[in-house]
Every structure is written in structure tokens, then in C-alpha cells.
Amino acid sequence: MLEHLIRGLRGIEADFDAVALADALWLCAAMGSPDTSADERRPSGPPGPPAAGTPPQEAVTPEEPGPAVDPYPAEEDLGTYDTPGGPGDLPAVVGRVRRGTALPGAPALARALRPLRQPFPRGRELGLDIEETIALSARTGQVTPVLAPLPERWFQLDLVVDGSPSMQVWRELADDLHALLQRLGAFRTVRRWRLRTDPDGPPALYDAAGTAVPPERLRDPHGRRLVLVLSDCVADGWHAPEIWEALRDWVRSTATVLLNPLPPTLWPHTGLDGALVTLRAGERGARSAELPFDLPEGLRILLAAAYPEALGTWLACPVAGLSAADADAWAGTLMAAGGAGCEGVLIPPGGRFSDPEDEAPDPLAPDQEPEAAASPELLLGAFRRVSSPAARRLAALCSPQTELSLPVLRAVQAAMEPDSGTGAVAELVVSDLFEHVPGTETGELRLRFRPGVREALRTSLSAEDAWQVYFALSRFVEAEAVQGPGLPVAVAAEGAPDRIPNGLRPFAAASEAVLRLLGVEPAGTPAPAEPVGADVVQAPASSSSAGLWLRLSPSGASPDEYAMETRTLPGLRLVNSRHVVGDPRVLRDAIARTLLRSWAALPVGVEPPLLVVDVPRELLSLRVEEWNDSVLDTEGRDGLPNGLLYRVVFRCADRKVTRESRQLRDLRWRDLREAGGRVTGPLGVCWAGSDSADSVRARLGSTPHVTCVVLDGPPTHGHKLHRRQLDAALAAGVPAVLWNRDGARSSADTSRFREQVRQLLAGSGSLPDRLHALHRNSWNHTGELALPVLLWNDPALEDNVQPVPPRVDRSRVFAVVVGVERYAGDHGESDLDGPAQDARNITDWLLEEGVPPGNITALVSPVEVNRDLTTHMGVPVREATAYNVAEGLFREVAGGTGADLLLVFWSGHGFTDHSGARHLLTADGREGRHLHLEQALEAFRSDAVRSCDRQLWFIDACAGPAVEEADPPPLLSVPEGRPVAARSQAVYLASSPGDLAAVDLRRHGGLFSLELLEVFRATAPWDFADPYALHEELSSRFDEMREQGRTRQAPMFQRYDPPSTAQ
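Be aware that the sequence shown starts at 28, since it is given in our numbering, and climbs by one per residue.
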């Protein structure tokens, strides 16, 4: 029929383009004869499949204003649904796509914030003043360097995010804003806080770890803190005076800005209903309370009449949306960069006056139902009267969907209205056009059109716009499909295990490539050709796959202690090693941290990587595949199980097998490899069932082609039968063993386990790949992993790697940790921001490694804003004065006994004198006594120190030249003694002579200390066979950073080995 139409159009020589032809076809379909049956009537717009569980075509009733557009794919296309799956009739596979940005126009927003990158002219670091050096050298006749304060970043930033339930909608926007502010490079530090408002009490502030702190914590007497408060001001707490009192307090002491994602037209309906004024620029970096503004006479009289009890000064807090224009206005006003100023909301004395309207129902509350009598026409009419054109168009573009999530809404916005900003999305979210899908308010929020609204909106949607949205979202799905965290979507696929809820419509098409990425082979796809020739073998099933090998082996120190090492696959490169106890809770924490730190060792694009967990027999009960990294989540959210992030398999090769058993294992493994990791045929698997171990052993001896044994329960101490069956399987050299994680608690559990094993064995792909797909499908359907556990005894992973270094007795490890930020005598000009954090990080790491608190000497002098870092450190903390340094180093540590290893960490100011000797400043400042580093090292190599034959010193301090003074600086008294021949000393210095030690403003600490800690978390310093290997690891990191232009710092290494030969 289509060929006849094309010939007819050519015959009349009509001037048609593709769009005109599509519109003509759409009109023809919509203008079908009235007597055409519903079954023969074509849907309006492109032909497509029906909604899941609904009739193929909805009849257009006479009451409808006009035909609605249905932009859905043709029957042969694969529909993509905005749902994580659920009860329904249409089979589908559930996958994920990357979420689009919740902050549209982020590059423009970053450009608008450029005024905040203006440097503070006189920072806390010193540098060479060339002009003054030349002038002084000319006067004195000799080259005399003059140091002057260097410029530094003006503000440290505190992002305070409202934690009210209504802010759940803006959770991803807050994350994107936080990431943008971190990347901006304009702030010394960027910290995030959560604000909880209470209408009946004071507001509460929580840090990233969930610890409550008083709001006064954000005050700054120096005025060099910027507080950004992100809130929609909808919660009841914003109608109470307490939160406004806290905001007023911040305005007085800091530069404070209130950011509201809602458009200004909606502010009067929230707690942000105060009078607005225009703030002008004052001094650069001024506190918000210091920004001048003019109060119009009429407004002044109105406020005086309305609030006669207002005694005192009204303060104005800058308030803005999240557009680039708003950011340019308030950033330019704060930094006096020109412009017409920015808006500010007036805050009266006492925070806020009582208002009878505050007790009225909130029209924007998300759980409030509209009036029962409100028809779709009334709802749409109210929306169109107050909404922007972009919001009205966005509502029509979303009308083909019955339900949609916020990421899909933003994807439509990015494709069709990219310049509309967050305000258009906000107008839709808070409008009465939508209701929240029950059960999604605290998770992945989903919106549903109210009855009748969707149908009324679809009359405003043109066919061209419908197709453009459909094609744009289809490209979005294909480009952004991922395996791992993301937005859950369901793709219709024949024979797939999941289901799509009835009543939903697809929002995009999915190509066959997307289905393959989600682990499903499209129907009708031909099978790959088999290899020709007996010598052609498929790639190895495990050892060549990129991933991690996590190996637990007895350490020999005690029965319940294990050496844990992590290596890359392939290559077996050691990336992490440590000692742990066998308690499951401790192992869960240790394995989660190890995987998190070892992830960077994997090649880019490996999804999901293979995780081989090699354990002794007694640890086969560990549920590593069920564990997640929730112990590391500072926001309290559960992570995904390891079984979804990795292809988790276990390895437990019996190290006492005979040579005959090893030969059998090699033969069976070769068969498994040649089959691509699949169990081929019914003779390849042995179902142990309730057979005795002797019966299983006899069956395996008579069937050399068996490559997999299936046990109905776990081979643990409580299941002797399954344990003996596993022994028989290992003795027979069977490389793959499957068992039921939960055991045969009932016949139903056994049946479900065996059915899952049959699916596992029947599918294409290797057993680890199939098990991962089975876990994913089970998780998406039930929220739990599948029952089978896979033992995958790859003989390529033999004991041919270097052993883990012997364990160091932590009870005989001593440490001195010094962090100096505050220096006396110069009114804060030499103060630092970072050494206290360095000291806290190192102390936390020492305690994690098992060093007793009594063996750690902590000397920390923080600046006032970092005083909380020294509380609850787990060890006693003293000020880093000259007296305490001498007492701690040369009396307590030097006079003690029982130390096999001494670690000394120092972070703070340092310099070199005219002879090149290094000096370290204590908290007494330049006028106090300094520590002569070489003298201290020499003392600790002598018999003045009773023990500590092995020493590691880490010095994160500058080595720049000191200002020439008439008198030499006073020095700490250092004990003297004769050299000890057996004593070794390795010294790691952050900078070369004449250079400075850098501070990482983003991570809030010394760059050397931070990188050092990263190395320690991978391999402890005592686990390096050669101290120089630790220096090589550090140097390689700094070499890479210098190549990237991130720093010019070059660490140094000094080594003193018996008999006192220095390197």
C-alpha cells in the first residue's frame, strides 16, 4: 500500500518534504471513517504497541477536543519504560541509564561564579617578594630574600542543604551543585552540611558524618567564610522564627546567600515571603550584613505599621535562584565586581513575626490533594495563568507518559527546552498537575498525572514535537545505558524474567545493542559461529578477565588472624595487603575498604569486573556477594551488594591434593575452558542431592567429563553432608561447585535453588557471567540476590606470587604525630589550615591498623575553626609547644622501651638556614625554640634513645630559605650519645631544599600527607620490603602530578643504615 502512495505522489508532482508527508499521514489516520471498527483503526501518530495490560487502541470519544498524538515505536521496536519493574503482564529486562544533570546550564553557572575566584591579597603562606628582595639587596650589598604573604583563595565554602521532606525532589540538584562548587577551584575548602528545621524548636545542623553541631559553628570572626543555604523554604520550620534567627546570625558574621530552586513567582507561597530589597556592592568579600541597601519610604512606613513591635535593625540576606544570571548578580555584589546588585530578603529582629496565614494549609505541600471538584480544565487553567511558557511547553512534552521520574523529565527538558533552567522543572513538580506515586516520596520520586490532565495536555502536543521527544529519549537511552548505579528502566524483551506494570507507556525505543548491554540476547539474533578446527579454543574463562583477586590466608601469628592481599587480574600485581582477624564483622569492613581502594587498579571500562575471593575452607561461609559498602557511606545510604557490582566467585583449592587429583583438575578445567566457561550437556554436571560423600566420589570417578557439582546446602561446619560432598568434589579435581547459600531449609527452597541452577547452566556465557546476570534479575525482581554460590577453582591462580610480608607486632609500634597550625607571636599571619587534619588522618589510620592508643603521642595546635578535629581523636592530645615536643620526643619516646618500630609524622611550617639545615617550627612561633631536624635524627640514631632500632620519619614542611636575622634562631635542646650500629632510619621529606610544601585546598590537608595516607591505605609502611620502595611509590605520584601541572613539589628521601652510612 505504501508503494501505491509513493507512486501516486510522484504522479501529481507534489512538493512534499518528510515533515509534510508525516503530518498528512497523521491526519489521514485521525480522519478515518466513523464506521471503521476499533480493531481496524490505526493509532494517531506513528503505529506502536499498546500500553502494558491495556487494549491496543483507545477510542477517541466525541467529548475530547481533538485527536491526541501517540509517539510510540512500531511493533518491531523494543519499547523502553520509565519503571524499575513490578507486577504486570509484559515481559522485560530491567537495566539502568546514567542520570542526566539536575543542574542545567552548569557551565554558564560556573562562569557566573568567576568573581569568587578573586584571591585574598595577603594569605597565610609566605613567598619571595622579588621587588623588596631587590631593594633590600641593593641597600645591604648582599642578596637577602624577603618573604611576603602570598595571595590565597578568599573564601572557605559551607553548602547547607535543607533536609526537609520537600527537598527530596532537589536531592540530585544539591549533589550536582556541590560537585560544581568543588570543581570551581574558587574556595579553600568546600564542606557540605544538612539542615533540619523544626517549627517547634531550634534548627539543627549535621556534618557529612551525621554528627549534630550547633549552627553557631558556621560563624567566622574573620569574615572569610561563604555560607550557601539551599532550600525551597516549603517546610513548616521556615514559617517559624528559629531558622530565620540562625540565618540572621550567619548574615551578621559571614557572607551568606539563600538559594531557592523554585521560581520567584512561587516564593510568596513559601516561608520566603518577606519583603525584598536591592542590595548594592560594598567592600570585596564583605559580610552580607555589610551590604548597603535603600529601604523605600513606602515600604518603611508599611513595615512600621504592620510590625510596630520590631525594635532593632532589619538585616538583608541575599536571595537568588539557580540561574546563571542570578549567580552573576550575587557573586558580583559580594566581590564588588560591578553590576546592578542583587535581591535580598529582609529579616526582622527576632527572625520572623507571627503571621495568621502561616497556619493556613500550604497549597504547595506535595501530599495535599486538590479539591475534589477541581476538573482537569480548572487545574490546567490555573497552571497556565501562573506558569512560564517553558513550563507549559514542558508539561505538554511530557503528556504521552502516564508516570515519569525526575531524570526522564530532565532528559525531556535537556532535549527540547535546554535553556529553561531549574525553574521550569520546579513549576511542574509543585503544580497540581501531578501527584506523587505512593511509596516513592523517600526514594526515587515518581510523578503521575492527575486524572484527566494528561489527556487534556496531549491536545497541545504536535506530531513533530512528539517525534522529536521520542527520538531524543531513544538516543539518550542508547548512549547512556550502563551496568551499575543509575536510573532503572525496563526494556520489553521476549522471554525476559521481569515484568512491566500495567498501564505504562514506553517513552523511548531501545536498540538491540542496549539489550545486549543489559545482558539479554535479542530474539532472532543468530548464534555466533562455532570455531573450526580442534586447535581453536575460546579465551580462558577467568584468569584473562579483568578484575581483582582477594586472597585470605592464615598469617601464622594466631589461629584467628589472616593475611589479606588484593591483586589485579590478569598480571597478579599486588595493590593492597594487610592483616585482619577472622570475625565476619571485621572482615566485612576490611573487604569493603579494600575493594573501594583497589577499584582504581582496574582498567577503564571493565563492567562488571571479576572478583575472585580466595579463602580457606573455614571461611567459605562468608557472604561476600551479599555485602555492600554501606559501612563507608557517610550519608547512611545502603550500597549495592558486591554480587551486583562484581562477578563474585570463590576459590578454595585443596592444597593437600595428590598429584593424580591435580591432573584430573587440570583436565576438567581444560574442558571447562574449551566450552567458554559453560557446563555442556547433562553429563557435565553432578547433582549431589542427599548422596553420601562416597557415592559422590564414585560417580565423579566414573565420569571424567563432569566439570560442575551442585550441593543443596553450604559446605560449612553446620552441614556435614555438604562439607564432605565438597571434599569429594575437590579431591576429584572438579573446578566448579555450586551450592545453596541459605541451605535446604524447606523443599520449596530446594526447588527454587535447583530451578535457578538450571537457568544458570542452560544460559549462554560463562558461569560467572551467568551468575551475575541471575543475581541482577533476582535483585530487580525481589530485592535479593539469587541463591547459588559459585566455587571457581582456576588452577592458573597458584601459589606462585610473593608472600605477604611478615606481620609487625602492633603492640611494639610507637608513633609521634605533630600538627602545627596556630603559631604564637604574629597575630595569626603564619597560621595554617591543614596540619590538624593531617594529624587527625594519620592518627585515625594508626588506630585502624591496631596501634595501641597508649603508643601514640599526639601534639596538635589547631586554629580555632579546626578545634573540633582534636576532640575524640582516641588518643590524648597536647599542644605542639616547644616544651611538649621536647618532652614527648626526647623524654617519653626516647626513654621508653619495647619499641621495634618508631613512626614520626610532622606537618607544619619549616625552613632552611644559611647552611642548608632544616628547622621545624613549634607552636611557639618564630620567636620560640625550633627543632633542628638533623640534630633530632642524629639523637635518635644514638644510644640516647633506648630502643626504636627501626625508624620512619615523615616531614610535611617547607624547606624555603629563612629571613636573614642578626641572631640565629633558638633551638630545642637535643640529647647526645654514641651511634648505635644496628639502628636504621628512613626519612621522607615533602620538599627539596629551597622549595615549598603544597596544600591541597580541596581535600583540606598537606598534599604530601594526603598522598602518603593513600599509599598507607594500600600498603602499610612496615609492609614494604625496602624503605626506598615507599619513596618510589610517593615519587611516582608526584611525578604524575607535576606532568599534569598540579604541583612543582618533589619529595626527597634520606636513609641511614648500619653502620651509619647515609644515602
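All C-beta atoms in this analysis are idealised placements derived from N, C-alpha and C, irrespective of residue type, glycine included.
Would you mind working out which of Gly881, Pro427, Arg526 sits nearest Asn807, comparing C-alpha positions? Against the sequence shown, residue 807 aligns to sequence position 780. The shortest Cα separation from Asn807 among Gly881, Pro427, Arg526 belongs to Arg526.
Among Phe938, Thr898, Val902, Val761, nearest to Gly877 - alpha-carbon criterion: Along the sequence shown, read from residue 1 onward, the residue named residue 877 stands at position 850. Ranking the options by Cα distance to Gly877, first place goes to Val902.
Once you ignore the five residues that flank Pro229 on each side, which residues in its own chain have a CB closer than 7 Å to its CB? Here residue 229 corresponds to residue number 202 of the sequence shown, with the count starting at 1. If we look at Pro229 and ignore the five residues flanking it on each side, its Cβ neighbours are Glu269.
Let me make sure I understand the geometry here. Which of Gly150, Arg166, Val187, Pro241 has the alpha-carbon closest to that of Glu179? Here residue 179 refers to the residue found at position 152 when the sequence shown is read from its first residue. The residue with the shortest Cα to Cα distance from Glu179 is Gly150.
For Tyr1055, which beta-bridge partners are listed by DSSP? Locating residue 1055 in the sequence shown gives position 1028, counting from the first residue. DSSP lists no beta-bridge partner residue for Tyr1055.
Alpha carbon to alpha carbon, how far is Leu474 from Arg210? Residue 474 sits at position 447 when you count from the first residue of the sequence shown. Residue 210 sits at position 183 when you count from the first residue of the sequence shown. In a straight line, the C-alpha of Leu474 is about 32 Å away from that of Arg210.
Of all the options Trp819, Ala308, Gln183, Arg307, which has the alpha carbon lying nearest to the alpha carbon of Pro6? No answer is possible for residue 6: the residues shown for the chain start at 28 and end at 1090.
Take the Cβ of Leu710 as the centre, count every other Cβ of all protein chains shown within 10 Å, and call the residue buried at 16 or more, exposed below. By 1-based counting over the sequence shown, the position of residue 710 is 683. Classification of Leu710: exposed, given that the 10 Å Cβ count is below 16.
Which first and last residues belong to the alpha helix (DSSP H) in which Arg977 is found? For the purposes of this step, residue 977 is identified with residue 950 of the sequence shown, where counting begins at 1. DSSP places Arg977 outside any alpha helix (DSSP H); the residue lies instead in the beta strand (DSSP E), whose first and last residues are 977-983.
Am I right that Gly955 and Leu947 are in contact with their C-beta atoms under 8 Å? What's the rounded C-beta distance? What you label residue 955 is simply residue 928 of the sequence shown in a count that begins at 1. What you label residue 947 is simply residue 920 of the sequence shown in a count that begins at 1. Incorrect: roughly 11 Å between the Cβ atoms, too far for contact.
Is the region 976-988 close to the region 1031-1050, with three or more CB pairs under 8 Å? The answer is yes - the region 1031-1050 touches the region 976-988, with three or more Cβ pairs under 8 Å.
Continuous alpha helix (DSSP H) assignments of at least 4 residues falling wholly in the region 179-213: DSSP runs (the alpha helix (DSSP H)) wholly in the region 179-213: 198-211.
Counting only the same chain and skipping the five closest in sequence on each side, list residues whose C-beta sits under 7 Å from that of Ser1019. Within the sequence shown, numbered from 1, the residue matching residue 1019 stands at position 992. Same-chain partners within the cutoff: Ala986, Ala1077, Met1079.
Residue nearest to Cys344 in terms of C-alpha spacing, selected from Leu405, Pro295, Ser280, Pro323: Position 317 of the sequence shown holds residue 344. Here the closest residue by C-alpha is Ser280.
Less than 8 Å between the beta carbons of Gly132 and Ala351, yes or no? As a first step, residue 132 must be located in the sequence shown, where it is residue number 105. As a first step, residue 351 must be located in the sequence shown, where it is residue number 324. Cβ distance < 8 Å, so Gly132 and Ala351 count as in contact.
In three-state DSSP terms, what is Arg473? Stepping through the sequence shown from its first residue, residue 473 is reached at position 446. It is a strand residue.
3-residue-minimum beta strand (DSSP E) runs that sit fully inside the region 794-848, ordered along the chain: Those beta strand (DSSP E) runs which fall completely within the region 794-848 and span 3+ residues are 815-819, 840-847.
Can you tell me where the beta strand (DSSP E) with Glu954 in it begins and where it stops? For the purposes of this step, residue 954 is taken as residue 927 along the sequence shown, with counting starting at 1. No beta strand (DSSP E) holds Glu954; DSSP gives it neither H nor E.
Can you tell me whether Arg379 is helix, strand or coil according to DSSP? Here residue 379 is taken as the residue at index 352 of the sequence shown, counted from 1. In the structure shown, Arg379 sits in coil (DSSP, three-state: anything other than H, G, I, E or B).
Measure the alpha-carbon distance for Cys369 versus Ala863 and round it to whole angstroms. On the sequence shown, residue 369 is found 342 positions in, with the first residue counted as 1. On the sequence shown, residue 863 is found 836 positions in, with the first residue counted as 1. Straight-line Cα distance between these residues: approximately 38 Å.
Buried or exposed for Gly740, please, with buried defined as at least 16 other CB atoms from any protein chain shown within 10 angstroms of its CB. Here residue 740 is taken as the residue at index 713 of the sequence shown, counted from 1. Counting of Cβ neighbours within 10 angstroms places Gly740 among the buried residues, the total reaching 16 or more.
In three-state DSSP terms, what is Ser1011? Taking the sequence shown and counting its residues from 1, the one referred to as residue 1011 is at position 984. The answer is strand: DSSP assigns Ser1011 an E or B state.
Based on the DSSP output, what are the partners of Gln1081 in its beta bridges? The residue given as residue 1081 occupies position 1054 in the sequence shown. According to DSSP, which records beta bridges pairwise, Gln1081 is partnered with Val1014.
Ser1011 and Arg977 - do their beta-carbons sit closer together than 8 Å? The residue you call residue 977 lines up with position 950 of the sequence shown. The residue you call residue 1011 lines up with position 984 of the sequence shown. Yes, the Cβ-Cβ distance between Arg977 and Ser1011 is below 8 Å.
Does the region 637-644 come into contact with the region 666-679, if we say contact requires no fewer than three beta-carbon pairs (one atom in each stretch) closer than 8 Å? Between the region 637-644 and the region 666-679, the count of Cβ pairs shorter than 8 Å is three or higher; the stretches touch.
When the Cα atoms are used, what is the spatial distance from Arg968 to Leu930? Counted from its first residue, the sequence shown places residue 968 at position 941. Counted from its first residue, the sequence shown places residue 930 at position 903. Looking at the two C-alpha atoms, the distance is approximately 14 Å.
Rounded to whole angstroms, what is the Cα-Cα separation between Ala885 and Trp933? The sequence position of residue 885 within the sequence shown is 858, counting from 1. The sequence position of residue 933 within the sequence shown is 906, counting from 1. Distance between the alpha carbons of Ala885 and Trp933 is about 10 Å.
One or two residues paired with Val304 in a DSSP bridge: Numbered from 1 along the sequence shown, position 277 holds the residue referred to as residue 304. According to DSSP, Val304 bridges with Gly371.
Where Ile328 falls, given that 16 or more other Cβ within 10 Å makes a residue buried: As a working mapping, residue 328 is identified with position 301 in the sequence shown. Its Cβ having fewer than 16 others within 10 Å, Ile328 is exposed.
CA nearest to the CA of Leu174, picked from Gly1021, Ala851, Glu652: Sequence index remark: in the sequence shown, residue 174 carries index 147 (1-based). Looking only at Gly1021, Ala851, Glu652, the smallest Cα-Cα distance to Leu174 is reached by Gly1021.
How many Å lie between Ala715 and Trp766 at the Cα? Here the question's residue 715 lines up with position 688 in the sequence shown. Here the question's residue 766 lines up with position 739 in the sequence shown. For Ala715 and Trp766, the distance between alpha carbons rounds to 10 Å.
How do the region 879-893 and the region 850-866 stand: do at least 3 beta-carbon pairs fall below 8 Å, yes or no? Flag = yes, the region 879-893 and the region 850-866 touch.
Count Cβ pairs between the region 777-789 and the region 808-824 that sit closer than 8 Å; are there 3 or more? Contact between the region 777-789 and the region 808-824 is present, because at least three Cβ pairs lie under 8 Å.
Assuming Ala763 contacts Leu699 under a Cβ cut-off of 8 Å, what Cβ separation, rounded to an integer in Å, is found between them? Along the sequence shown, one-based indexing puts residue 763 at 736. Along the sequence shown, one-based indexing puts residue 699 at 672. Sure, about 7 Å apart at Cβ, within 8 Å.
What does the Cβ neighbour count give for Thr898, buried or exposed, with the cut at 16 atoms within 10 Å? Taking the sequence shown and counting its residues from 1, one reaches residue 898 at position 871. By the neighbour-count rule (16 or more Cβ atoms within 10 Å), Thr898 is not buried but exposed.
Distance CB(Gly371)-CB(Leu322) smaller than 8 Å: Within the sequence shown, numbered from 1, the residue matching residue 371 stands at position 344. Within the sequence shown, numbered from 1, the residue matching residue 322 stands at position 295. The answer is no: Cβ separation not under 8 Å.
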